[in-house]
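One structure is given below, encoded as structure tokens.
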Amino acid sequence: MQDRAHANHAAQSSGCQSHHGISGPAAHAVLLTFFDIETAHGQSTVELQAGDFPSLGLTADLLVVSAFERCYAPVPGTLIGRLHEAYGLQLKALPIALDLRSSPLKCWVSAELDWPDQPNQLSRFRRIAVIEGLMEWSDEDDLLPWPPFNRLFSLLALLPMRQIACATVASPLLGSGNQGLDVVAHYPDLLNAYHQAFRHVPELERLILFDKTDAHLQVLGEAIDAALERPAPQAMRLRLPGDSPAVSGLQDLLSSRSSPFTRRSSQAAQDIRELLMLLRSEEASLVALGNHSRRVVEQLVLQSLSDEASSEKLTL
278 MQDRAHANHA AQSSGCQSHH GISGPAAHAV LLTFFDIETA HGQSTVELQA
328 GDFPSLGLTA DLLVVSAFER CYAPVPGTLI GRLHEAYGLQ LKALPIALDL
378 RSSPLKCWVS AELDWPDQPN QLSRFRRIAV IEGLMEWSDE DDLLPWPPFN
428 RLFSLLALLP MRQIACATVA SPLLGSGNQG LDVVAHYPDL LNAYHQAFRH
478 VPELERLILF DKTDAHLQVL GEAIDAALER PAPQAMRLRL PGDSPAVSGL
528 QDLLSSRSSP FTRRSSQAAQ DIRELLMLLR SEEASLVALG NHSRRVVEQL
578 VLQSLSDEAS SEKLTL
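Using the working numbering, read the sequence shown as starting at 278 and increasing by one per residue.
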């Protein structure tokens with residue numbers, strides 16, 4: 278596999294902690310960088326997004342959460358706590374579809390979630406995967422690189438055999454919270470883990486890494502950009518005035534296209550929804566606009582070709 282150098286480019290209480298701490302809603306959601314990975318099965322994408330997860334407006338098959346072993350308390354300031362605030366979720370009450378807590382993977386996956394009253398502007402996800410346990414150390418007292426990610430990718434490889442969808446996965450930057458992992462020191466290991474994940478999980482098409490702030494993600498993104506010899510993408514930003522006829526016209530066009538084109542294509546509906554949310558913000562990076570627009574165009578073309586194929590079959 279090879280990275281394509283497109284200009285493409287997120288506590289403590291009663292003895293329980295979350296591996297990934299966040300501190301409340303963010304004012305803005307920002308796509309910091311993304312890069313494409315060419316595989317034998319097609320093109321897959323890794324994205325780094327900064328912001329409060331519920332406010333990112335994402336649609337994912339699987340949301341990843343980290344927790345200490347058997348500790349699911351919704352502690353304020355943690356991702357688990359934020360999910361409780363935004364969605365009323367109690368992890369300990371979720372039915373489990375796949376339980377691997379007694380295995381070396383130390384994780385489990387919930388059954389499909391159904392929230393008919395979920396607000397449209399919130400991020401959506403079909404299941405939750407919980408990665409449990411502490412960071413691990415070698416016999417030489419060296420921190421093993423990204424063991425939570427290694428376990429996550431091993432889990433993803435098992436899901437298709439259980440008919441559990443994992444085309445789009447959203448995950449916090451596991452291990453970067455109160456474990457204090459040095460993202461710069463370990464980013465080569467993380468990139469290698471991405472490559473292996475996409476190689477062994479052809480069903481995985483889009484991996485979204487998010488964090489409440491850009492502190493860790495910005496450093497990781499800059500290291501990735503430097504390794505791939507790409508310019509920093511966040512220097513290129515565009516203001517989106519709400520009274521602009523061009524922006525309003527594009528929003529109206531996308532809204533009108535979403536109805537006839539997405540009745541049978543949930544992926545197209547999701548991509549249009551994310552692009553509309555981006556266009557309604559005060560400003561956006563050119564990278565984010567380009568990435569989301571590309572996905573929408575791809576889905577609409579695929580839907581159109583699918584409709585033509587169906588029409589030809591009907592006339593034969």
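Just so you know, even glycine gets a beta-carbon here, dropped at the ideal spot from N, CA and C.
Source: prediction; values computed, not measured.
Asked	Found
Buried or exposed for A370, going by 16 or more other Cβ atoms inside 10 Å?	exposed
Residue ranges of each alpha helix (DSSP H) run of no fewer than 4 residues wholly in the stretch 311-382, ordered along the chain?	356-364
In chain order, what residues of the same chain lie with their CB nearer than 8 Å to the CB of L399, ignoring the 5 residues before and after it?	P331, S332, G334, A363, Y364
If you draw a straight line from the C-alpha of G298 to the C-alpha of S581, how long is it?	For G298, the predicted structure reports a pLDDT of 38, less than 50, and the residue's modelled location is therefore unreliable. A value from the coordinates is still provided. Their backbone Cα atoms lie some 43 Å apart in a straight line.
In terms of DSSP beta bridges, what is V446 paired with?	L339, L484
Among A545, H318, Q320, A317, which has the Cα closest to the Cα of L579?	A545
Could you please give me the residues that DSSP links to E407 through a beta bridge?	First, the amino acid is wrong: residue 407 is Val here, not Glu. V342, W385, per the DSSP bridge assignment.
Counting beta carbon pairs with one atom in the stretch 486-493 and one in the stretch 374-382, are three or more of them shorter than 8 Å?	no
Going by DSSP, what residues sit across from R401 in a beta bridge?	T336
Just checking my contact of I441 with A374 at CB under 8 Å: how many whole Å lie between their CB atoms?	7 Å
Within the same chain, show all residues whose beta-carbon is closer than 7 Å to that of W385, passing over the 5 residues directly before and after it, in chain order.	I373, L375, D376, L377, R378, V407
Let me check understanding here. Comparing Cα to Cα, which of F430, F402, D548 lies closest to Q473?	F430
Between the alpha carbons of P425 and L451, how many angstroms are there, rounded?	6 Å
Would you mind working out which of A565, D548, G354 sits nearest E575, comparing C-alpha positions?	D548
Could you say which of L517, P479, L368 lies nearest to H318 if we only look at CA atoms?	P479
So, is N469 buried or exposed, given that buried needs 16 or more other C-beta atoms within 10 angstroms?	exposed
Check whether the Cβ atoms of L527 and E560 sit closer than 8 Å, and answer yes or no.	no
Determine the contact status of L531 and L553, defining contact as a CB-CB distance below 8 Å.	yes
Between the alpha carbons of E551 and H569, how many angstroms are there, rounded?	7 Å
I need the DSSP call for L432, collapsed to helix, strand or coil.	helix
Any idea what DSSP makes of S309, helix, strand or coil?	Before going on, a small fix: residue 309 reads as Leu here, not Ser. Strand at L309.
Return the CA-CA distance between L436 and H477, expressed in angstroms with no decimal places.	12 Å
Measure how close the beta-carbons of L309 and G498 come, nearest whole angstrom, since I'm counting them as under 8 Å.	5 Å
Would you identify the three-state DSSP class for Q580, choosing helix, strand or coil?	helix
Please state the DSSP three-state secondary structure of L497.	helix
Pick helix, strand or coil for L451, following the three-state DSSP scheme.	coil
Nearest-angstrom Cα distance between E265 and L433?	Outside the shown range of the chain (278 to 593) lies residue 265, about which nothing can therefore be said.
Who are the Cβ neighbours of Q320 in its own chain at under 6 Å, not counting the five residues just before and after it?	D313
How would you call R401, buried or exposed, if buried means at least 16 neighbouring beta carbons within 10 angstroms?	buried
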